[in-house]
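> In this text, residue positions in the sequence shown follow my numbering: the first is 19, and each later residue adds one.
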Amino acid sequence: MAPYLPDPPVGIVGIGSDAPAQLLTNHDLEKLVETSDEWIVERTGIRTRHIADDKTTTSVLASNAARRAMADAGVTPEEIDVIVVGTATPDMLFPSTACLVQAEIGARNAAAFDLAAACTGFIYGLNVIAGMIRNGTCETGLVIGAETLSKILDFQDRTTCVLFGDGAGAAILKRVENGKGLLSVRMLSDGTLGDMLKLPAGGSLHPATHETVDLRLHYIKMSGNNVFKSAVKSMTGIVRQGLNDVGIGPGEIDLLIPHQANIRIIEATAKKLRLPMEKVFVNVHRFGNTSAASIPIALDEARSQGALQDGMTVAVVAFGAGFTWGSAIHRF
Ligand code: UT7
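Take a look at the structure:
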């Protein structure tokens, strides 16, 4: 893809997030599968993850995050022109989760649709909405990354069930003053590697049958080690591309917010970018991998902890199923 053109400037003017109250610890998982707190912490950095109860769907978490982002931005539901929800765990195949959120928050003037880019959904959504604002079809956009991955986890498969968690994060996008907002967005995909991380059944290839249920095909399947290697390489490359677009070096980034999948992926990416870990935001130990929700939740936490402040140049980067990956550089 060609470089992002930052004029007229569009940026994030409000952030919010939500996660279910219930926590699942590594010790809880030790009772379900052959694993240990030690293995999980050493190989992933994860200690707890938030898990939704039966009534809490993706649209519930997404709507809560959206309300907080709207309050933060001082925007009413009626002002929202478009809602994009990045999710791999929609409430159902259709209507879209974005339409369910629209109804829930009362954004009656909005167009609403879901975006399927797995863990990269929030970054893809930023670019889609920024493009709509710049082409004049929308003034105020709401982008959400929201997941209830616990509902598609196989709690008999230790290679996946220890990794993921539930949550949602949202951002309001608008025109901003010159020099602020999105300075670069980069998106890439490689569909030839789709088999490495997938949920095989429930679509047109394998509609739900007793057999697909018996074969446990409605759960995440992942070749973890291959995903790991591709993630580090792709995330490093696409942050470098973004920095190149903006004409700055890694030293000029105040904060890197990487997709929170695994502390080793985060550390390896930071090392390749020659960024000290003090400049890297990490909350994977408390959330696990929340896929599309990971970056907006981290943005919200970074801001409430004071790690993200006005005037900072922040790089976000994600990698996920597809494969898809992307980066954004944003001046707050
Ligand atoms: O958001 C993007 C999507 N996902 C990711 O980014 C995840 C990317 N991948 C990873 O984070 C890592 O590859 C994992 C954490 C999934 C696995 O770590 P790894 O260092 O790549 O381990 P591995 O897959 O090579 O497995 C090493 C061993 C295996 O045993 P053997 O074959 O060596 O005897 C696994 O069976 O660890 C075993 N293992 C476990 N042991 C205890 C796998 N899962 C577990 C577990 N507890 N939960």
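No residue lacks a Cβ here, since even glycine has one placed at the ideal position from N, Cα and C. Just so you know, these numbers come straight off a predicted model, no measurement behind them.
Does the beta-carbon distance from E165 to A310 come in below 9 angstroms?
Cβ distance < 9 angstroms, so E165 and A310 count as in contact.
> With distances taken from CA atoms, which of L206, N307, K73 is nearest L171?
It is N307.
> Identify the continuous alpha helix (DSSP H) that holds R126 and give its terminal residues.
Careful: R126 lies outside any alpha helix (DSSP H) and carries neither H nor E.
> Is it a yes or a no for the stretch 22-29 touching the stretch 37-52, going by three-plus beta-carbon pairs under 8 angstroms?
No contact exists between the stretch 22-29 and the stretch 37-52.
> Could you tell me which uninterrupted alpha helix (DSSP H) segments, each at least 4 residues in length, are contained entirely in the stretch 260-290, listed from first to last along the chain?
Listed in chain order, they are 281-290.
> Within 10 angstroms of its Cβ, does P294 collect 16 or more other Cβ (buried), or is it exposed?
Its Cβ having fewer than 16 others within 10 Å, P294 is exposed.
> Give me the residue from V335, Q174, G265, P95 with the minimum Cα distance to R204.
With distances taken between Cα atoms, R204 lies closest to V335.
> Leaving out the 5 sequence neighbours to the left and right, which residues in its chain are closer than 6 angstroms to N280 when beta-carbon positions are compared?
Cβ neighbours of N280 beyond the five flanking positions: T62.
> Work out the CA separation of A129 and Y142 for me, nearest whole Å.
In a straight line, the C-alpha of Y142 is about 17 angstroms away from that of A129.
> Between G329, G340, L235, which has its C-alpha nearest E195's C-alpha?
If we check each option's Cα against that of E195, G329 comes out closest.
> Excluding the five sequence neighbours on either side, which residues of its own chain have a C-beta within less than 7 angstroms of the C-beta of A249, listed in chain order?
Cβ neighbours of A249 beyond the five flanking positions: A279, I283, F337.
> G352 and R85 look like a contact to me (Cβ under 8 angstroms); what is the Cβ gap, rounded to whole Å?
The chain is shown only over 19 to 350; residue 352 falls outside these bounds and no answer can be derived.
> So, are the CB atoms of A106 and G159 less than 9 angstroms apart?
For A106 and G159, no; Cβs fall outside 9 angstroms.
> Whose C-alpha, out of M214, N262, D263, is nearest the C-alpha of S241?
Nearest option by C-alpha distance: M214.
> Whose C-alpha, out of K239, G149, P276, is nearest the C-alpha of T254?
T254 has its Cα closest to that of P276, out of K239, G149, P276.
> In terms of alpha-carbon separation, which member of N44, I69, V332, F341 lies closest to S207?
Nearest C-alpha to S207: F341.
> Taking 8 angstroms as the cut-off, does the stretch 216-223 touch the stretch 233-240 (at least 3 CB pairs, one atom from each stretch)?
Contact holds: three or more Cβ-Cβ distances are below 8 angstroms.
> Can you give me the Cβ contacts of L42 inside the same chain, cut-off strictly under 6 angstroms, excluding the 5 residues immediately before and after it?
R67, I69, listed in sequence order.
> Does the beta-carbon of K192 have 16 or more other beta-carbons within 10 angstroms, so that it is buried, or is it exposed?
Answer is buried; the Cβ neighbour count reaches 16.
> Is there at least one non-hydrogen atom of the ligand UT7 closer than 8 angstroms to the beta-carbon of E52?
Yes, the ligand UT7 has a heavy atom inside 8 angstroms of this Cβ.
> Identify whether F299 lies in helix, strand or coil by the three-state DSSP scheme.
DSSP places F299 in coil when its eight states are reduced to three.
> At 3 residues or longer, and completely inside the stretch 68-141: list those beta strand (DSSP E) runs for me, N to C.
Here the runs fully enclosed are 100-104, 129-133.
> Along the chain, where does the beta strand (DSSP E) that runs through G348 open and close?
In the sequence on display, residue 348 carries His and not Gly. Per DSSP, H348 belongs to the beta strand (DSSP E) from 342-349.
> Could you give the distance in angstroms between the alpha-carbon of T227 and the alpha-carbon of V264?
Approximately 50 angstroms between the Cα atoms of the pair.
> In the DSSP assignment, find the beta strand (DSSP E) that holds V28 and state where it starts and stops.
Counting along the chain, the beta strand (DSSP E) containing V28 begins and ends at 28-36.
> Secondary structure at S312, three-state DSSP: helix, strand or coil?
Residue state, collapsed to three classes: helix.
> Answer with buried or exposed for P225, where buried requires no fewer than 16 other C-beta atoms within 10 angstroms of its C-beta.
Per the 10 Å Cβ criterion, exposed.
> Excluding the 5 residues preceding and the 5 following L15 in the sequence, name in chain order all residues of the same chain whose CB lies nearer than 7 angstroms to its CB.
Look at the range of the chain in this structure, 19 to 350, and you will see that residue 15 is not part of it.
> Determine the contact status of A189 and A80, defining contact as a CB-CB distance below 9 angstroms.
Not in contact: A189 and A80 (Cβ atoms no closer than 9 angstroms).
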